[in-house]
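Participant: Protein chains in written order, with the numbering used here: chain G, 37 to 239; chain A, 37 to 239.
Where is the CB? At the ideal position from N, CA and C, for every residue including glycine.
First the structure, then my questions, so here it is.
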C-alpha cells in the first residue's frame, strides 16, 4: 500500500472521528497530514471518497480489535469484546454517532455496505465464539438483535453518558443471556446452547 | 395540501416500496401518476427530494398505524402493534430493506433524521403504553435496544422468511419481557414495572 495515502486516511479518520463530516474539509485533512490539497484530490478525488476510505479503515480497525482473543468462556469473551467495542466508540465518538444516526452523503450505498459488513462480521464472530455451526432462524434473529442493541447502546451512551460504561457493558451481557432465554422457547437447540454457556460464566 | 403533489408522493412511495431507489426514475413516477416529467420537477426539483417526501409520507403512515389503540394490557398492545409494523414492512419491502441497509443518496442527513424520528416516536409510544413517566437510563437503553431489535428482525425477515411471521412477532414480545428482566437487575424501578406488565399478559 502507498504510505502517503495511508497517512491521509489516518488524518481523515482522526478528523471524521471527532467532528461531524459536514464540518471536515479537504483542506482540514491536508493541513492535518502536512500535505497539499492537490495531493488529497490526487488520491481520493473528493470528500466522499475520502470519507469512505476513512470509514473502511475504521471498520478494519474495529474488526482487528474485536478479533483479539479474550480469556475465558464465550460470555467472558463477549464481555471483553464489549469493552473493546466501547473503547472504539469512545475514540470515534462524533463519527460513530453521525454515521449511525443516518450518515453523510452516500451515492453508491458504499457506506451502508461497510456498516452492514461490520454487523455481519460481529455476528459471525459471536456465532463462532459460541461454538455454533449453523444458527437456526430464532438464534440468527436473536444474535442480530443483540448486535443492533450494542450499536444502539453505543449511540445512547454517547448521547446521555448517564450510566457507568462498565454497568452498561454488564447490562448488554445480561441482555444476551436474556435474549437467548427468550429464543430457547422457540428453538430447543438454543436451550442446549444456553446450558453450555451458563456454566462457563460461573466457572 | 396540494392534491397533485400528494398523488405524486403516493406514486413515488408505491414505486420506492417495491424497487430499489436506484431503479426508480422520475419518468417512472410521472408515468405511474399520469403526470408529466415537468410536473414532478416542478414540485420536487429532483429524485432526492421526491425520495425524502415519499419517506416522510411512509413514516407518517407507519406512525398512524402504530397509534391505533390495540386491546388489552401493554404487552398485548405491543403484540398487536408488532403485527401492524410487520404489515407495513411487508407492504414496503424493497424500500424498507434498502433504507435500513444503508440507504440511497442523502446529502443533508434528512433521511437519517426521518429514520431516527420514527425510532424516537416508537420509543415514546412504548413508554406511554407501559405507563412509565420518565424512564431511567437502564430502561431507556433497554427500550431503544428493543426498537432496534424489531427493525433488525424486519430486515432479517425480508431477507430469509424462514420463520412464520406470527412466531417472529411472538419472539419479539418474548424478547421485550426478557430484556426488561435483564434491566430489572440494574434498576429496581424496572422490577416494579415488570410486575405490573406480567399479570396483564396472563389476564
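#1: Does the Cβ-Cβ distance between residue 172 of chain A and residue 221 of chain A come in under 8 Å?
#2: Cβ atoms of residue 51 of chain G and residue 60 of chain G: under 8 Å apart, would you say?
#3: Since I believe residue 69 of chain G is in contact with residue 43 of chain G (beta carbons under 8 Å), could you give me their beta-carbon distance rounded to a whole number of angstroms?
#4: Shortest alpha-carbon distance to residue 178 of chain A belongs to which of A:203, A:211, A:151 and A:201?
#5: So with Cβ pairs under 8 Å, would you call residue 86 of chain G a contact of chain A?
#6: Does the separation of the CB atoms of residue 159 of chain A and residue 183 of chain A fall below 8 Å?
#7: Going along the chain, which residues of the region 197 to 217 of chain A sit with their C-beta nearer than 8 Å to a C-beta in chain G?
#8: What residues in the region 162 to 180 of chain G bring their beta carbon closer than 9 Å to a beta carbon of chain A?
#9: Report the residue from G:134, G:189, G:98 and G:129 whose alpha carbon sits nearest the alpha carbon of residue 117 of chain G.
#10: Kindly indicate if chain D contains any beta-carbon less than 8 Å away from that of residue 185 of chain G.
#11: Using beta carbons (cut-off 8 Å, strictly below), is residue 188 of chain A in contact with chain G?
#12: For residue 128 of chain A, is the classification buried or exposed, using 16 other Cβ atoms within 10 angstroms of its Cβ as the cut-off for buried?
#13: Which ranges would you report for the beta strand (DSSP E) in the region 43 to 98 of chain A if only whole runs of at least 3 residues count?
#14: Indicate the three-state DSSP secondary structure (helix, strand or coil) for residue 141 of chain A in the structure shown.
#15: Taking DSSP as the reference, what is the three-state secondary structure of residue 173 of chain G?
#16: Beta-carbon of residue 239 of chain A versus every beta-carbon of chain G: anything under 8 Å?
#17: State the CB to CB distance for the pair residue 175 of chain A and residue 168 of chain A, rounded to an integer number of angstroms; the pair is presumed to be in contact (CB under 8 Å).
#18: Given this structure, state the Cα-to-Cα distance separating residue 114 of chain G from residue 165 of chain A, to the nearest angstrom.
#19: Compute the distance between the beta-carbons of residue 95 of chain G and residue 163 of chain G, then report whether it is under 8 Å.
#20: Name, please, each residue of chain A whose Cβ falls closer than 9 Å to the Cβ of residue 192 of chain G.
#21: Taking C-beta pairs closer than 7 Å, name the residues in chain G that residue 1 of chain A reaches, listed in chain order.
#22: For the alpha helix (DSSP H) containing residue 164 of chain G, list its first residue and its last residue.
#23: Is DSSP giving residue 178 of chain G helix, strand or coil here?
#24: Which one of G:90, G:230 and G:194 has the shortest CA to CA distance from residue 57 of chain G?
#25: Kindly indicate the opening and closing residues of the alpha helix (DSSP H) around residue 198 of chain A.
#26: So, is the C-beta of residue 89 of chain G closer than 8 Å to a C-beta in chain A?
#27: Residues in the same chain with beta-carbon distance under 7 Å from residue 47 of chain G, minus the five sequence neighbours each way, listed in chain order, please.
#28: Residue 113 of chain A lies in the alpha helix (DSSP H); which residues open and close that run?
#29: For residue 191 of chain A, collect the residues of the same chain with a Cβ closer than 8 Å to its Cβ; drop the 5 residues on either side in sequence, then sort them by chain order.
#30: Do we get a CB-CB distance below 8 Å when we pair residue 219 of chain A with the residues of chain G?
#31: Check residue 249 of chain G in the structure and name its three-state DSSP category.
#32: Between which residues of its own chain and residue 106 of chain G is the CB-CB distance below 7 Å, once the five residues before and five after are set aside?
#33: Here's a check: name, in chain order, each residue in its chain whose Cβ is nearer than 8 Å to the Cβ of residue 53 of chain G, leaving out the five neighbours to either side.
#34: Considering only the alpha carbon of each residue, which of G:76, G:41, G:122 and G:233 lies closest to residue 200 of chain G?
Facilitator: For this structure:
#1: no
#2: yes
#3: 5 Å
#4: A:211
#5: no
#6: The beta carbons of residue 159 of chain A and residue 183 of chain A sit closer together than 8 Å.
#7: 198, 199, 203, 204, 206, 207, 210, 211, 213, 214, 215 and 217
#8: Per Cβ criterion, the list reads 172, 173, 174, 176, 177, 178 and 180.
#9: The residue with the shortest Cα to Cα distance from residue 117 of chain G is G:98.
#10: The chain labelled as chain D is not found among the protein chains of the depicted structure, namely G and A.
#11: yes
#12: buried
#13: none
#14: Residue placement at residue 141 of chain A is flagged as unreliable, the pLDDT there being 40, under the threshold of 50; a coordinate-derived value is accordingly withheld.
#15: helix
#16: Confidence at residue 239 of chain A is low in this model, with a pLDDT of 41, below 50, so the placement of that residue should be treated as unreliable; the coordinate-derived value is given next. False, the Cβ-Cβ gap to chain G never drops below 8 Å.
#17: 7 Å
#18: 33 Å
#19: Not closer than 8 Å, so no.
#20: 173, 176, 177, 180 and 181
#21: Outside the modelled stretch of chain A, which goes from 37 to 239, sits residue 1 of chain A, for which no answer is possible.
#22: 146 to 165
#23: helix
#24: G:90
#25: Looking at the DSSP string, residue 198 of chain A is not in any alpha helix (DSSP H), and its letter there is neither H nor E.
#26: no
#27: 65, 68 and 69
#28: 110 to 127
#29: So the qualifying residues of the chain are 132, 133, 136 and 137.
#30: Taking CB atoms only, residue 219 of chain A has a neighbour in chain G less than 8 Å away.
#31: Past the boundaries of the shown model lies residue 249 of chain G; chain G is included only from 37 to 239, so the question cannot be answered.
#32: 112, 113, 116 and 117
#33: 94, 127, 128, 129, 130, 131 and 132
#34: G:122
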